[in-house]
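Asks: Got a structure for you, questions after.
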Amino acid sequence: MSDPGPLLLSPYVLAEVDYMFPKRAGERRELRFLHDVSDGSYEMVSVAAADVRRAVHIVERYRGMCVGLTDASVALVAGRHATTRVLTRDQRLFGAMKPLWGDAFTALPSDAN
């Protein structure tokens, strides 16, 4: 794979991952992830009120598919950075969503293989 670029992280994704990590992967992995974030392994992106308004439109657009603020923020960040590559555990959801930029999301890791 060519240079994947920076690993962008929405604050909503950070909160959701931090919530789920101890239950699914254990506290040790949670702390390792949080240290990686704090050490700059991920580029934290800001989300402004205007972004939340856009996210609400995405949530409304995909009503019935359980698209929440976190998923919508991933779509917004991808659009802002002109990429369709997203790291997700929900291949089905991002396979059904249309990106703000490009034809279709590439849900990593499995779509890239």
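Be aware that the sequence shown starts at 648, since it is given in my numbering, and climbs by one per residue. For each residue, glycine too, the CB sits at the ideal point set by N, CA and C. What you are looking at is a predicted structure, and each value in this text was computed from that prediction instead of being measured.
1) Identify whether L734 lies in helix, strand or coil by the three-state DSSP scheme.
2) Am I right that V692 and S657 are in contact with their C-beta atoms under 8 Å? What's the rounded C-beta distance?
3) Do you know how far the Cα of G711 is from the Cα of I705?
4) Leaving out the 5 sequence neighbours to the left and right, which residues in its chain are closer than 8 Å to V761 when beta-carbon positions are compared?
5) Please confirm whether T731 and G749 have their CB atoms less than 8 Å apart.
6) Does DSSP put M712 in a helix, a strand or coil?
7) In terms of residues, what are the limits of the beta strand (DSSP E) holding L824?
8) At what residues does the alpha helix (DSSP H) containing S693 begin and finish?
9) V733: buried (16+ other C-beta within 10 angstroms of its C-beta) or exposed?
10) Nearest to V694 by alpha carbon, out of P669, F680, L723?
11) If I measure Cβ to Cβ from F752 and keep anything under 6 Å in the same chain, skipping five residues before and after, which residues do I get?
Replies: On the basis of the data shown:
1) strand
2) 6 Å
3) 12 Å
4) Because the chain here runs from 648 to 760, residue 761 falls outside it and cannot be looked at.
5) yes
6) coil
7) Outside the shown range of the chain, which is 648 to 760, sits residue 824, and nothing can be said about it.
8) That residue, S693, is in no alpha helix (DSSP H); it is neither H nor E in DSSP.
9) buried
10) L723
11) T731, V733, F741, P746
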